[in-house]
Each structure stands twice: as C-alpha cells, then as structure tokens.
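Enquirer: Before anything else, here's the structure in question.
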Amino acid sequence: MPKDGGIGASVKRREDVRFLTGKGRYTDDINIRGQLYAFFLRSDVAHGRLKSVDTAAASDMPGVVRIFTAADFAGVGGIPCGWQVTDRFGKVMQEPKHPVLADGKVRHVGDPIAMVVAETLDQARDAAEAIRVEIEELPPVLNMKDALKPDAPKVHDELTSNLCYDWGFVEENREAVAKAFEGAAHHITLDLVNNRLVANPMEPRVAVGDYEDHSGMHTLYTTSQNPHVIRLLMGAFVLGIPESKLRVVAPDVGGGFGSKIYHYAEEAAVTFAAKQVKRPVKWTASRSEAFISDAQGRDHLTRIELALDKDHNFLALRTETHANMGAYLSTFAPSIPTWLHGTLMAGNYKTPLVYVNVKAVFTNTVPVDAYRGAGRPEATYQLERIIDKAARELGVDPVELRRKNFIQPDQFPYQTPVAVVYDTGNYQATMDKLLELSDHAGFAARAEESKKRGRLRGFGIAHYIEACGIAPSNLVGQLGARAGLYESATVRVNATGSITIFTGSHSHGQGHETTFAQVVAEMIGIDASQVEIVHGDTSNSPMGMGTYGSRSLAVGGSAMVKATNKIINKAKKIASHLLEASEQDIEFKDGKFTVAGTDRSKTWVDITLAAYVPHNYPLESLEPGLEETAFYDPSNFTYPAGAYGCELEIDPDTGKVTILAFTAADDFGNVVNPMIVEGQVHGGLAQGIGQAMLENCVFDENGQLLSGSFMDYAMPRADDLPFFKVDHSCITPCTHNPLGVKGCGEAGAIGSPPAVVNAVIDALQRGGYSHIDHIDMPVSPARVWAAMHQR
Amino acid sequence: MHNFDFVKPATLADALAALKSDGAQALSGGQTLIASMKQRLAAPATLVSLTGIPELKGVCIGEGGLHVGAATPHAEVAREAAKHYPALAALAGGIGDPQVRNRGTIGGSIANNDPSACYPAGVLASGATIVTNRRRIAADDYFQGLFTTALHEGEIVTSVVFPIPQKAAYVKFDQPASRFALTGVFVAKTADGVRVAVTGAGGDGVFRWTEAEAALSANFAASAIAGLTVSPDGMIHDLHGTPAYRAHLVKVLTGHAVQAAA
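Just so you know, the protein sequences line up as chains A and B, in that order.
Residue numbers for the first sequence follow UniProt numbering, so the first one is 1 and each next one is one higher.
Residue numbers for the second sequence follow UniProt numbering, so the first one is 1 and each next one is one higher.
Pasting the structure below:
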C-alpha cells in the first residue's frame with residue numbers, strides 16, 4: 001500500500017493551489033505606496049568606449065525623478081565574484097572590476113549604462129530614449145580562441161589579457177597522463193561544443209528597492225534563489241549596508257535554473273536608488289531584457305581524449321576546454337568549469353588518471369554562470385560522447401564498454417583520481433534497469449520496422465554521475481569559495497502543537513513546502529497540515545545559502561532533521577517530567593510519549609502546551625519554549641547517478657529527429673515524494689533535450705544576439721518531447737546525511753544531452769552514414785542534413 | 001509602447017476616412033504590428049481597427065471561388081473553408097497557436113508579406129485574386145519582395161478570392177523556434193495546370209517554382225520532379241538553415257505536397 005502521507009508518499013504539492021489559481025505572490029505582484037519605476041538604458045554595441053552620457057534633456061522629461069549613471073555609483077563597490085580560482089601555476093585568476101553601471105566602457109550588448117527612475121514605466125522608457133550616449137566602437141572579442149591571441153583586443157583594459165585563468169586538474173597528473181597516452185593501445189579523440197543556453201525561467205527577473213528613512217532600514221524584494229547570499233554580497237561588497245539594516249525577500253519565484261542565484265547590478269541599483277530618491281523603486285525585466293542580462297549557461301569548447309588498453313580498459317582521460325565567462329565574472333562563474341566540472345570527469349568509471357585543463361576566457365558577450373547542472377552536464381556530455389565514439393571505433397557494444405569500466409558495486413567508498421570520494425552507488429543496477437525499461441532487447445526489430453518506412457532509428461545510452469548537495473564548507477573554502485555551503489533551519493513548535501519551519505533553502509518550483517513538511521510530519525507523528533514551511537525572507541529565517549546544485553533536501557533537509565531531533569530530545573525531557581519517569585524510559589512514537597512498558601503517556605500537544613504554559617515544568621533545569629535552530633554542513637557531496645536511454649528516428653529527407661522514447665533509471669538515494677521527484681526529472685529531461693535538439697544562443701560577428709527572442713531561440717515544447725519513462729527504484733542511500741537522500745533537480749538535464757546525441761549518431765551509422773561520428777548540439781534538422789551530405 | 005489613438009469603425013468607408021489622418025495605421029489581427037509597437041519599433045499615431053467591419057469578414061462561395069474576407073481570423077478560415085478548400089483550411093489551421101489563429105487575419109498576413117508566413121504560399125499557388133478597396137490584383141502581381149506588396153498608400157485588402165483547385169496541399173517544415181515556415185510549399189492543381197508556391201525559403205519572399213509546375217502539369221506525381229534541382233542562390237540564410245538546406249527542402253516538400261494532394 002502506498003502511504004498517503006510522510007516520507008515516501010506522493011503527496012500533491014500544496015503550493016500548486018496558489019500557483020494554479022493565480023494566487024501566487026511573485027516579486028512583480030509587490031507594489032509599494034509611492035513606488036517609482038526604473039528602466040535601464042543598455043548598450044546596443046558589444047564593445048566600446050563610453051565617451052559621454054548626456055542625461056540633461058532626458059532629466060527634464062515628464063515624470064522623471066532621477067537618472068543614475070556610473071558617476072552616481074562612484075562611492076560604492078562593484079558587483080563581487082564569489083569564487084576565486086587559482087590557476088595551474090599557483091596564480092589567482094584575473095578578476096576584472098564589475099561596476100553597477102558601465103563605467104568608461106561597455107562590454108556586451110545589454111550592459112547597463114544608465115537607470116532612469118520615473119513616475120511611470122513609460123515615462124522612464126521615454127526618457128531613456130532621450131539620453132544621448134556617445135560610444136566609440138571597439139572591435140568585439142567573441143571567439144574564445146581568438147581572444148587568447150597576443151594581439152587580441154582586451155575586454156578589460158586593466159587585465160593583462162582575456163584569460164581569466166588556465167586551470168589544470170589534477171596538475172600533478174599531467175605528466176603521468178601524457179605517459180599513459182604514449183603507451184596506450186587505443187587513443188580516441190573528439191572535439192565538441194557545449195552550446196550556450198539562455199536559462200529563460202518563466203518569470204523574468206524583478207527587483208523592488210525600498211528604504212525607510214526613520215529607521216535606516218533597506219528592503220530588497222527580488223527574484224532570487226538565495227536571498228541571504230544576496231544580502232551578504234550586496235550589503236557587504238556593493239552598498240556597505242550592515243545585514244541588520246538590510247532585509248532581502250525572495251517571495252514566490254517562477255523558476256530559476258541557476259540564473260537567479262547571482263547578485264545582479266539591477267538589485268544593487270534599485271536598492272541604492274530607493275534611498276537616494278526616498279521612494280520605493282521597482283524594476284521588472286522584459287523578456288527581451290532577460291535575453292541580454294540574465295547570466296547564461298554552458299558555452300564550452302572541448303577536446304577530449306581517451307586512452308584504452310588492448311582489453312578496452314580506460315587508462316587515462318585528458319581534456320582541454322575553453323570556457324566562456326562572458327564580459328564579467330558572474331557570482332559563481334569561475335567555479336563552474338573548474339570544481340563543478342573537473343571533479344566529475346571520472347564519471348562512473350575506474351579511469352585511474354585524469355587531467356583536465358580549462359582556460360576561462362573573457363569575451364564581449366553576456367556573462368555565463370551555472371545553469372541547471374552547472375559544469376556537470378558539460379563533464380557528462382564529453383565523457384559519454386567519447387565513450388560512445390570509442391565503442392564505435394573499437395567495434396564493441398557501448399553498453400558493455402561502460403559496464404567493463406564501471407566502478408563496481410563492491411568498490412565503494414571509491415576514491416576517484418579527481419579528488420572526490422563517491423560514498424555509494426550501483427551503476428550496473430541502473431544500467432540493468434534502463435535496458436529492461438527501454439526494451440533494449442527489442443530495439444533491433446523496431447529499427448527494422450523503421451527502415452521499412454524509410455526512417456533511420458537509433459538508440460543512445462548515457463550514464464551520468466553528479467555531485468550534489470555542495471558540500472563541506474572547509475573544503476570549498478580551500479577550493480576558492482568565498483562563502484560557506486551549509487544550510488540552516490529553525491523549527492518553531494507552537495503552543496498547540498503546530499510547527500512553523502524557517503528554512504534557508506528557497507523553493508522556486510521544487511515543492512519544498514510539501515516535501516519538507518512531509519519529513520517533519522513523519523518525524524513528529526503529526527499530520528503534515530500542521531507543518532508550515534517558511535522561506536525566502538532574511539528577516540525571519542536563519543542565515544541560509546539557498547537552493548541550487550540539487551542541495552535543498554540533502555543539505556537544507558538535513559538541517560531541518562537535525563533541528564527537529566533537537567526538538568524531540570527536549571520534548572522527551574518535558575515528557576519525563578510530566579510522566580515522572582526517567583528520560584531514558586520515554587519512548588516517542590506517532591506523536592505520543594510513553595513510559596516504556598506502561599500505558600502511561602502524554603500526547604504531543606500535552607508537551608507543547610507545557611513548554612509554553614510551564615506551570616508544571618522543570619524550570620530549574622530546562623528553558624521553557626520549544627524552538628530549535630540547526631546548521632548542517634555536509635561531510636561530502638552526494639552522488640546521484642543514473643542510466644538514460646534515448647530512442648529516436650531520423651527522417652533522411654529532412655534531417656528531422658523525432659524522439660520516440662526516453663527512459664531514465666536514476667539512483668537518487670531515498671525519495672521523500674516520488675511524484676515530485678518524477679516531475680523534477682521530467683523538467684530536467686525537457687531542458688536537456690532542449691539543449692540537445694533545439695536551444696542555441698548565438699551572437700553574430702558584431703556581438704549582437706541573433707537568438708534574442710523566442711522567434712529564434714527554440715525552447716522545447718510539449719510536442720517536441722515523448723512521454724518519459726522514469727524510474728528511481730535503484731536506491732543506494734547516501735551514507736552521510738540523515739535522510740539518505742542525494743538530490744534529483746539536475747539529473748535530467750545532465751544525463752539526457754549525450755543520450756540524445758549518441759542516439760542520433762547511432763541512427764546515422766546504422767543507416768549507412770558511417771562518416772558521421774559527431775554532430776554538435778543542437779542537432780537541428782539543418783545540421784543533421786548537412787552532416788549527411790558532407791562526405 | 002508609445003501612446004496612440006484607437007478607432008474601430010463599423011464600415012469600410014469610415015475606416016478609409018480614418019486612415020487618411022496623419023500617422024494612421026490599419027490594424028487587423030495585430031500579430032506583427034502590436035509586437036513591433038511594444039518594442040517601440042513602430043509608433044503609429046492612430047490605429048484603425050479593421051476587425052469591426054462586417055463586410056471584411058467571413059468565408060463564402062461566390063463568383064470565382066472561395067471568398068475570404070480580409071479581416072477573417074485564421075481559426076475561422078480553418079473551420080469554414082474546410083469543406084470547400086481543405087488545403088487552404090489546413091494551412092490556416094497550422095499557423096501559430098490558438099491565440100494567434102483567433103486574432104491573426106488573412107488580410108493582415110498578406111499585407112505584411114513576411115517571407116516565412118504561410119498564407120502567401122496559399123494565395124500565390126491558388127492563383128488567387130486580392131481584392132482591395134480600389135482594384136483587383138492577381139496574386140502573381142501582388143507579392144513584390146520582402147514585406148513588399150503591390151498595395152499603395154491608403155489601399156487596404158478587403159478580401160481574397162481563391163479559385164478552388166482540383167487537388168491541393170500545403171506542407172510546412174517548421175522553423176524550430178518560431179514555427180513559421182522554415183520552408184513551406186503549396187501545390188495546387190487546376191484544369192489549367194499546376195502551380196507551386198514556396199514560402200520561407202526565398203530571399204525575396206514567396207515565389208513560384210516554375211520548373212516543377214511544368215513537370216507536374218505533365219504528370220502530377222512526386223516522381224515527376226525527381227530529376228529537378230533547386231538552386232540555393234538567393235535563398236535565406238539564417239540560424240535555422242542554409243540556402244542549400246532550404247533549396248533541398250523545397251524539392252522534398254514539393255514531393256510531399258504532391259503526395260498529400262494526390
């Protein structure tokens with residue numbers, strides 16, 4: 001019997017009632033009396049010297065309250081970067097200034113030059129059109145390899161070049177890897193592009209700044225995945241506001257996918273302006289603005305090489321990647337192609353030697369940072385593509401080549417050659433499950449049937465691993481993080497037994513209000529309707545690090561479990577007093593405290609009432625009240641893994657690829673709400689298939705964004721996707737967090753791109769197009785057709 | 001969007017009078033114009049809506065074939081033309097999404113003459129007549145290049161008259177993002193021969209593939225065009241396809257359209 005509540009039950013998402021009935025309260029729904037509207041005048045050229053910004057005429061336009069330019073921000077700091085990478089020579093990365101508004105130069109189309117604050121949005125926009133900007137255009141830096149040439153124009157004049165860092169990992173392995181390749185029986189090489197993506201959450205970014213003159217209190221309402229981080233970065237590094245005078249609220253947020261982790265200039269600008277003009281200031285991005293101002297994802301150029309011995313054991317892996325940073329360093333940008341990418345290059349395999357080289361490059365494009373998966377999809381794509389290529393070149397089954405090189409179930413915990421230690425896993429099991437669910441055995445017959453209809457059918461497999469629940473603060477500190485990566489929770493038990501939980505995790509679609517309540521309800525033995533989850537407001541929740549990297553349940557949930565255990569311990573003490581029994585004799589089960597071996601008991605509400613109405617209470621040894629806070633700092637990452645299979649057909653007449661079936665067999669450890677997990681995988685698959693087949697962010701030779709709207713940027717739609725077969729019955733529980741959970745938010749986006757591309761290549765090769773061993777994403781009809789006709 | 005005045009006349013005469021004022025712009029379904037205004041790429045002083053004029057709306061059989069009022073939305077054409085001219089109805093039913101089909105109109109589409117729009121292919125392949133407030137224009141004379149038509153200042157399309165072919169079909173290959181025609185081919189067979197019109201591919205907008213017309217007039221079968229080639233010269237090159245790919249699609253889709261029509 002499936003449970004109807006608690007851990008393991010597919011409880012319907014309580015937040016959907018408000019989301020689906022239009023009752024959500026998003027940042028744009030917040031309107032404060034006296035509010036003004038901000039409009040940003042943005043650069044329409046990719047690279048240029050800002051000669052003058054004349055706001056005189058615009059300032060006299062109707063409704064204009066004030067126009068801000070770089071000069072107004074002379075006294076404040078720049079937008080900070082939250083991660084410092086040290087290169088392979090021991091030098092710290094080149095870190096350019098990132099002014100709130102463009103100062104001296106514009107560095108990408110969309111770089112904000114001025115902010116007009118006016119009574120209405122139209123007035124602000126009208127005035128922005130009247131600002132006279134003189135820009136001396138400079139040659140834009142766009143191609144990463146050209147950007148590193150000695151005579152290349154520089155994005156940042158104060159830096160020595162466009163190279164942010166040249167990172168090697170594991171640098172000490174460099175020579176050993178080279179040696180392994182020299183002696184290897186087989187040497188496979190693949191060049192590939194991980195295409196740049198626009199995150200495109202349904203809700204564009206919004207920021208409302210408010211300032212209370214009498215108290216000196218600033219409030220920023222913003223579309224953020226981590227309000228506390230914004231408070232820290234903006235308060236401490238940009239505006240110099242103590243945390244006690246700055247409240248950051250991220251209410252309902254309509255999707256983030258990473259793009260709402262970062263501290264953006266617009267947040268600082270409206271917070272700053274609200275104090276200057278002594279009125280609230282609101283900015284709402286248009287979709288067009290989101291395309292040129294939200295941090296984008298991926299954009300790697302990679303050469304990957306795999307060495308194998310004569311028996312097809314992997315000997316060594318080597319990569320060289322150029323990673324696009326864009327024009328400025330977004331908050332966590334330097335960490336994505338390095339620590340979130342290089343550490344995953346062992347994949348699910350026993351490869352003893354790995355060397356990853358990453359050159360991060362500045363270009364005159366929109367900044368790039370984490371996007372669903374963040375570094376891990378890039379690692380998985382390279383690895384799973386080259387393994388497929390190796391199987392083809394060696395004439396072996398791609399499934400068997402993987403199985404042969406898998407870390408075997410009895411090898412955990414497994415120390416990889418790329419620093420991380422996998423605590424647990426069983427990759428043979430997920431592969432078995434995939435083959436079973438996708439009817440891999442029946443593929444040959446289905447391919448025959450397709451052939452009769454003139455279609456090319458292919459089957460592609462990928463096996464991924466990711467590192468989630470990022471991770472011990474002391475470790476990430478050593479790796480260059482300028483923040484800790486714990487999570488917090490306060491469990492406030494109310495007098496009549498209901499519970500309010502304040503979590504530092506932030507839900508922007510993940511369903512925390514449902515899942516977190518399920519966990520605590522089960523731990524206490526009360527109905528989940530008695531548990532309320534509060535998040536997104538720095539004024540009421542303890543310092544939290546927010547939601548990204550599939551960390552909420554693994555890290556935030558663990559903090560909540562820890563705090564709830566403290567509550568249970570204290571409640572037992574109260575119960576032992578009321579029941580006049582020793583604490584060791586108190587048993588707590590299903591919301592009832594019982595003296596072991598007797599029928600004497602107290603209910604949960606007896607205890608909570610006693611805690612707040614402490615008439616009969618051990619006041620000399622125990623404080624009244626029932627509220628506990630816990631911070632949880634994980635001892636390791638979690639390592640979800642899974643096998644994905646894509647079956648598709650190609651129409652050779654047009655090159656059009658149609659996905660017929662997609663199967664995901666994931667090991668997420670324990671699962672709290674299977675329905676939500678399934679939904680997360682569906683969403684991830686849609687985004688991964690979107691990257692593989694449709695999405696592509698492209699700039700022209702002048703740095704203008706060609707894919708600047710949904711007319712040219714192809715988002716996946718329901719009819720682009722098959723019905724998914726999703727399974728999470730292979731479970732190896734995480735060994736180091738109390739719930740044994742691993743995280744499921746990004747898996748779909750990580751495992752699916754290589755499965756799709758592998759299937760496309762499989763279909764083409766089976767169809768006789770044996771000269772095609774790779775097509776870059778997105779595998780659009782035009783690209784497939786071009787590959788078929790290029791011999 | 002800048003401020004503008006809005007009038008919604010009930011007769012064609014009132015609409016034409018309103019369009020005489022400075023900065024006046026006819027508005028039909030607004031599927032291109034409103035988006036341009038929101039981006040401040042267009043800023044007409046007055047919008048003259050054509051959608052409240054009964055004489056510009058509706059689908060009926062009349063002299064010369066199927067008459068479609070210029071302000072008839074795609075959804076209505078899809079519904080009302082189905083029994084008279086199924087290929088045209090199918091074309092209308094495949095434009096955009098339900099919202100677009102219930103706002104966008106045939107008159108708006110062909111007055112705009114987007115090189116990737118569907119209707120121009122249907123109008124040109126059918127050898128339709130574009131009726132304006134001043135004259136009747138043959139489709140062959142009407143489409144004159146990218147976003148360019150034979151319409152003069154102050155002239156508006158009032159209806160389109162489609163001779164009904166014996167056989168016809170429209171096949172569109174979607175541009176993956178916009179789902180406009182990356183390339184679309186409309187084939188129509190009448191007693192006078194076959195006409196093949198191509199949208200989405202030509203750098204100058206919709207065009208007729210005359211070699212295919214000749215071959216198909218002699219033998220209305222996909223095999224009839226097997227030996228033909230389409231030159232990529234002058235085809236559109238963008239993110240979604242090269243001229244060579246589009247030229248290839250013209251031939252493939254023509255074959256598919258013939259199969260669908262036959």
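The C-beta atom is built at its ideal place from N, Cα and C for all residues, glycine as well.
Which full runs of the beta strand (DSSP E) of 3+ residues lie inside the stretch 89–173 of chain B, going along the chain?
Expert: 129–132, 136–138, 143–145, 157–162
Enquirer: So, helix, strand or coil for residue 432/A, using DSSP?
Expert: Walking along the first sequence from the start, residue 432/A turns up at place 432. Residue state, collapsed to three classes: helix.
Enquirer: So with Cβ pairs under 8 Å, would you call residue 36/B a contact of chain A?
Expert: Walking along the second sequence from the start, residue 36/B turns up at place 36. Residue 36/B has a beta carbon lying at 8 Å or more from every beta carbon in chain A.
Enquirer: Using a beta-carbon distance below 8 Å, is residue 178/B in contact with chain A?
Expert: Here residue 178/B refers to the residue found at position 178 when the second sequence is read from its first residue. True, the Cβ-Cβ gap to chain A drops below 8 Å.
Enquirer: Decide if the stretch 289–308 of chain A is in contact with the stretch 318–329 of chain A; the criterion is three or more beta carbon pairs, one per stretch, under 8 Å apart.
Expert: yes
Enquirer: For chain A, is any of its Cβ atoms less than 8 Å away from the one on residue 245/B?
Expert: In the second sequence, residue 245/B corresponds to position 245, counting from 1. Yes, its Cβ sits closer than 8 Å to a Cβ of chain A.
Enquirer: Residues of chain A with a CB under 9 Å from the CB of residue 240/B: which are they?
Expert: Counted from its first residue, the second sequence places residue 240/B at position 240. Near residue 240/B (Cβ distances below 9 Å), the residues of chain A are 712, 714, 780, 781, 782.
Enquirer: Is the stretch 60–77 of chain B close to the stretch 95–110 of chain B, with three or more CB pairs under 8 Å?
Expert: yes
Enquirer: How about residue 249/B: is its C-beta nearer than 8 Å to some C-beta of chain A?
Expert: Taking the second sequence and counting its residues from 1, the one referred to as residue 249/B is at position 249. Closer than 8 Å: yes.
Enquirer: Name the residue from 243/B, 188/B, 99/B, 13/B whose alpha carbon lies nearest to the alpha carbon of residue 233/B.
Expert: Position 233 of the second sequence, counted from the first residue, corresponds to residue 233/B. Looking at the Cα atoms, 243/B is the closest of the given residues.
Enquirer: Please classify residue 48/A: is it buried, with 16 or more other beta-carbons within 10 angstroms of its beta-carbon, or exposed?
Expert: For this step, residue 48/A is matched to residue 48 along the first sequence. Residue environment for residue 48/A: buried (at least 16 other C-beta atoms within 10 angstroms of its C-beta).
Enquirer: Identify which residue in 590/A, 589/A, 594/A has its Cα closest to the Cα of residue 582/A.
Expert: In the first sequence, residue 582/A corresponds to position 582, counting from 1. The residue with the shortest Cα to Cα distance from residue 582/A is 594/A.
Enquirer: Should residue 252/B be flagged as near chain A, meaning a C-beta pair shorter than 8 Å?
Expert: To locate residue 252/B, count along the second sequence from 1; it is residue 252. True, the Cβ-Cβ gap to chain A drops below 8 Å.
Enquirer: So what's residue 98/A in DSSP terms, helix, strand or just coil?
Expert: Here residue 98/A refers to the residue found at position 98 when the first sequence is read from its first residue. Three-state result, residue 98/A: coil.
Enquirer: For residue 463/A, which beta-bridge partners are listed by DSSP?
Expert: Your numbering for residue 463/A matches position 463 in the first sequence. Partner(s): 643/A.
Enquirer: Can you name the residues of chain B whose CB is closer than 8 Å to the CB of residue 160/A?
Expert: Within the first sequence, numbered from 1, the residue matching residue 160/A stands at position 160. The contacting residues do not exist; residue 160/A stays about 35 Å from chain B at best.
Enquirer: Are the C-beta atoms of residue 694/A and some chain B residue less than 8 Å apart?
Expert: On the first sequence, position 694 is the one that residue 694/A refers to. Yes, because at least one Cβ of chain B sits closer than 8 Å to the Cβ of residue 694/A.
Enquirer: Along chain A, which residues have their Cβ under 7 Å away from the Cβ of residue 173/B?
Expert: As a first step, residue 173/B must be located in the second sequence, where it is residue number 173. What residue 173/B touches in chain A: 654.
Enquirer: Use the C-beta contact count for residue 242/A: other C-beta atoms within 10 angstroms, 16 or more gives buried, fewer gives exposed.
Expert: Numbered from its first residue, the first sequence carries residue 242/A at position 242. Flag for residue 242/A reads exposed.
Enquirer: If you follow the alpha helix (DSSP H) that residue 380/A is part of, which residue opens it and which one closes it?
Expert: Translated into the one-based positions of the first sequence, residue 380/A becomes position 380. Unbroken alpha helix (DSSP H) run through residue 380/A: 376–394.
Enquirer: Alpha carbon to alpha carbon, what distance is there between residue 445/A and residue 454/A?
Expert: Here residue 454/A corresponds to residue number 454 of the first sequence, with the count starting at 1. Here residue 445/A corresponds to residue number 445 of the first sequence, with the count starting at 1. Those two C-alpha atoms are separated by around 14 Å.
Enquirer: Cα-Cα, which of 280/A, 221/A, 279/A, 252/A is closest to residue 264/A?
Expert: Working through the first sequence from its first residue, we reach residue 264/A at position 264. It is 221/A whose Cα lies nearest to the Cα of residue 264/A.
Enquirer: Measure from the C-beta of residue 283/A to each C-beta in chain B and report whether the shortest distance is under 8 Å.
Expert: Translated into positions along the first sequence, residue 283/A becomes position 283. For residue 283/A, the answer is no, since every Cβ of chain B falls outside 8 Å of its Cβ.
Enquirer: Here's the rule: buried if 16 or more other CB atoms are within 10 angstroms of the residue's CB, otherwise exposed. What is residue 126/B?
Expert: Against the second sequence, residue 126/B aligns to sequence position 126. Residue 126/B should be labelled buried.
Enquirer: Just mark residue 762/A as buried or exposed, buried being the case when its beta carbon has 16 or more other beta carbons within 10 Å.
Expert: On the first sequence, position 762 is the one that residue 762/A refers to. Buried, because 16 or more other Cβ atoms sit within 10 Å of the Cβ of residue 762/A.
Enquirer: Shorter than 8 Å from the beta carbon of residue 706/A to some beta carbon of chain B?
Expert: By 1-based counting over the first sequence, the position of residue 706/A is 706. Chain B, which has a Cβ nearer than 8 Å to the Cβ of residue 706/A, makes this yes.
Enquirer: Helix, strand or coil for residue 404/A per DSSP?
Expert: Taking the first residue of the first sequence as position 1, residue 404/A is located at position 404. In the structure shown, residue 404/A sits in a helix (DSSP, three-state: H, G or I).
Enquirer: Identify whether residue 332/A lies in helix, strand or coil by the three-state DSSP scheme.
Expert: The residue labelled residue 332/A in the question sits at position 332 within the first sequence. DSSP places residue 332/A outside both helix and strand once states are collapsed to three, so it counts as coil.
Enquirer: Taking Cβ-Cβ distances shorter than 8 Å, what residues in chain B pair up with residue 792/A?
Expert: As displayed, chain A neither begins before 1 nor continues past 791, which places residue 792/A out of reach and without an answer.
Enquirer: Along the chain, where does the beta strand (DSSP E) that runs through residue 221/A open and close?
Expert: Working through the first sequence from its first residue, we reach residue 221/A at position 221. Note, residue 221/A: beta strand (DSSP E), 217–222.
Enquirer: Quick one: Cα of residue 786/A to Cα of residue 376/A, how far?
Expert: Here residue 786/A corresponds to residue number 786 of the first sequence, with the count starting at 1. Here residue 376/A corresponds to residue number 376 of the first sequence, with the count starting at 1. Their Cα atoms are separated by approximately 29 Å.
Enquirer: For residue 192/B, which of helix, strand or coil comes out of DSSP?
Expert: Taking the second sequence and counting its residues from 1, one reaches residue 192/B at position 192. Note: residue 192/B maps to coil in three-state DSSP.
Enquirer: What's the C-alpha gap between residue 181/B and residue 450/A?
Expert: Walking along the second sequence from the start, residue 181/B turns up at place 181. Walking along the first sequence from the start, residue 450/A turns up at place 450. Rounded to whole angstroms, residue 181/B to residue 450/A spans 27 Å at the Cα level.
Enquirer: Please list, in chain order, all residues of the same chain as residue 531/A whose beta carbon is under 6 Å from its beta carbon, the five residues on each side excluded.
Expert: Residue 531/A sits at position 531 when you count from the first residue of the first sequence. Counting only Cβ-Cβ distances below 6 Å, and skipping sequence neighbours, we find 499, 517, 520, 521.
Enquirer: With a cut-off of 8 Å on the beta carbons, I'd call residue 743/A and residue 469/A a contact; round off their distance for me.
Expert: Within the first sequence, the letter at position 743 stands for residue 743/A. Within the first sequence, the letter at position 469 stands for residue 469/A. Confirmed, about 6 Å.
Enquirer: Name the chain B residues whose beta carbon is nearer than 7 Å to that of residue 698/A?
Expert: Here the question's residue 698/A lines up with position 698 in the first sequence. Chain-ordered, the chain B residues with CB closer than 7 Å to the CB of residue 698/A read 239.
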